[in-house]
Amino acid sequence: MYYQIRPLWASFDSTYFINFDEKTLIWDVLLVNNEPFLVVWKEKTGKEITWDIKYLWNLFTPTTVYFQKFLANYWYSWYFRFFRLYVQDVKYVLKYELPQIKRHKFQMAEDYVSKYENFETYCGYLKMGDDEIKCLDLKDFSKDLLWSRQNLLVFPDDWSLFNFYQQHQIGEILDVNSTALTRYKKFLQVKTWKIKTLLTTHWWVFQDWKALEKIFVFFPYKWYYKNQQNPRYYLPEVIKQMKFFYNVEEVYFVM
248 MYYQIRPLWA SFDSTYFINF DEKTLIWDVL LVNNEPFLVV WKEKTGKEIT WDIKYLWNLF
308 TPTTVYFQKF LANYWYSWYF RFFRLYVQDV KYVLKYELPQ IKRHKFQMAE DYVSKYENFE
368 TYCGYLKMGD DEIKCLDLKD FSKDLLWSRQ NLLVFPDDWS LFNFYQQHQI GEILDVNSTA
428 LTRYKKFLQV KTWKIKTLLT THWWVFQDWK ALEKIFVFFP YKWYYKNQQN PRYYLPEVIK
488 QMKFFYNVEE VYFVM
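Per the working numbering, the sequence shown runs over residues 248 to 502.
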């Protein structure tokens with residue numbers, strides 16, 4: 248069967264196609280000649296690529312794929328730019344084996360595409376008011392607020408992150424000093440629920456969350472949360488979108 252694919256590591260939106268025997272879903276990720284490509288449709292369009300294809304359907308869960316596509320549409324950006332927020336260097340995808348995750352049910356391409364293109368799907372998010380976000384005084388934060396599943400703590404900068412960590416000594420840290428290899432390893436640990444509490448800045452909230460239940464955004468009024476590079480986004484708004492897509496129980500703005 249022919250699939251239309253687009254590169255995720257290029258700065259342009261080119262189109263290719265492959266002839267692939269496996270059942271492939273729209274928005275699956277393939278490695279073609281050790282480069283990541285996104286399956287976008289079932290058709291024969293563009294230049295054919297016919298060699299060294301590896302299947303990476305379990306790189307992201309379906310929920311994360313839907314969320315990524317929504318972000319690209321909502322924040323007026325290309326999908327590949329959000330992909331790079333999740334995986335910064337594809338060579339580590341080749342080196343470290345992905346966990347074996349149950350394959351999501353095969354759907355017709357038309358149904359799969361219409362689900363993310365139909366904006367009525369996200370009416371719950373559009374109707375979600377600020378009253379669903381709780382405010383918390385910084386001095387009232389304690390370890391007892393964290394749940395047994397996964398927790399995300401977001402800070403505007405590394406200075407406030409490390410000050411908090413020195414006081415509370417909880418969770419795993421992912422910051423600007425983390426290498427690409429460290430970031431990818433922690434991506435896999437979050438994906439497989441081996442990291443339950445992650446402390447990070449706005450750059451690294453984009454993970455394939457397994458069971459995210461609580462999010463704490465510290466000092467949400469800081470201008471650091473407005474990403475000035477493409478893809479441009481405002482983190483407090485992204486957190487509300489994460490709450491909807493990942494069914495997060497509680498979100499706190501801590502000040």
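The beta-carbon is built from N, C-alpha and C at its ideal position, and this holds for glycine as well.
For residue j and residue i, the rounded distance between their alpha carbons
i           : j           : result
residue 435 : residue 455 : 8 Å
residue 462 : residue 500 : 9 Å
residue 307 : residue 330 : 10 Å
residue 379 : residue 290 : 43 Å
residue 284 : residue 487 : 29 Å
residue 423 : residue 337 : 19 Å
First through last residue of the alpha helix (DSSP H) which encompasses residue i
i           : result
residue 434 : 427-438
residue 424 : Run containing residue 424: none; DSSP gives neither H nor E here.
residue 280 : It is not in any alpha helix (DSSP H) - residue 280 carries neither H nor E in the DSSP assignment.
residue 414 : 405-415
Pick from the options that is closest to residue i, judged by C-alpha positions
i           : options            : result
residue 481 : 387, 254, 452      : 452
residue 387 : 502, 265, 322      : 502
residue 470 : 487, 459, 449, 492 : 449
residue 320 : 479, 498, 262, 494 : 479
residue 394 : 310, 305, 418      : 418
Cut-off 7 Å between Cβ atoms - residues of its own chain near residue i, not counting five sequence neighbours on either side
i           : result
residue 483 : 464, 467, 472
residue 413 : none
Within 9 Å, strictly: CB atoms of residue i and residue j
i           : j           : result
residue 252 : residue 272 : no
residue 295 : residue 264 : yes
residue 408 : residue 446 : yes
Proximal residues to residue i (C-beta, below 8 Å), its chain only, five neighbours per side dropped
i           : result
residue 335 : 427, 430, 431
residue 495 : 459, 460, 461, 462, 489
residue 402 : 408, 411, 446, 447, 448, 465, 466
Extent of the continuous beta strand (DSSP E) run through residue i
i           : result
residue 386 : Taken as a continuous stretch (DSSP letters only), residue 386 belongs to no beta strand (DSSP E), as it is neither H nor E.
residue 312 : Segment 309-321 is the alpha helix (DSSP H) holding residue 312; no beta strand (DSSP E) there.
residue 461 : 459-465
residue 397 : 397-402
residue 497 : 497-501
C-beta neighbour in chain D for residue i, strict 9 Å
i           : result
residue 415 : Absent here is chain D; the protein component of the structure consists of one chain.
Residues near residue i by beta carbon distance below 6 Å, same chain, minus five either side
i           : result
residue 314 : 492
residue 255 : 283, 285, 327, 330
residue 400 : 446, 463
beta-carbon residue i near the ligand SAH non-hydrogen atom, thresh 8 Å
i           : result
residue 473 : With respect to small molecules bound, the structure shown includes none, and the ligand SAH cannot be examined in it.
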